[in-house]
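Colleague:
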Amino acid sequence: MIGRIEKMRAARGEPFWNAEHIAQAKQLRSAGKTLKEIAKEIGGKATEAGVGYALYKK
């Protein structure tokens, strides 16, 4: 089930956070990257807030 926040972010064109994206973000975060750097690595319209939410939520 997609929540309200996920729908809002999808409408803005941010990537849908699947398990692969989350694993990549967790790996980059443990390597000491900032949320902004992780968003650039993931690409698309990923934002710092989107990365933080995905890491917190999953």
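Taking this note's numbering, the leading residue of the sequence shown gets 39, the next gets one more, and so forth.
Here a beta-carbon is modelled for each residue, glycine too, at the ideal position from N, C-alpha and C.
Note down, in chain order, each residue of its chain lying with its Cβ closer than 8 Å to the Cβ of I80, except the 5 sequence neighbours on either side.
Modeller: Taking the sequence shown and counting its residues from 1, one reaches residue 80 at position 42. If we look at I80 and ignore the five residues flanking it on each side, its Cβ neighbours are P53, H59, Q62, A63 and V89.
Colleague: I need the boundaries of the alpha helix (DSSP H) containing R50, first residue and last residue.
Modeller: Residue 50 sits at position 12 when you count from the first residue of the sequence shown. Under the DSSP assignment, R50 falls outside any alpha helix (DSSP H); it carries neither an H nor an E label.
Colleague: Would a C-beta distance cut-off of 8 Å place A77 and A84 closer than the cut-off?
Modeller: For this step, residue 77 is matched to residue 39 along the sequence shown. For this step, residue 84 is matched to residue 46 along the sequence shown. Taking 8 Å as the Cβ cut-off, A77 and A84 qualify as a contacting pair.
Colleague: Expressed to the nearest angstrom, what Euclidean distance is found between the alpha-carbon atoms of K113 and K45?
Modeller: The structure shown has nothing for residue 113, since the chain only spans 39 to 96.
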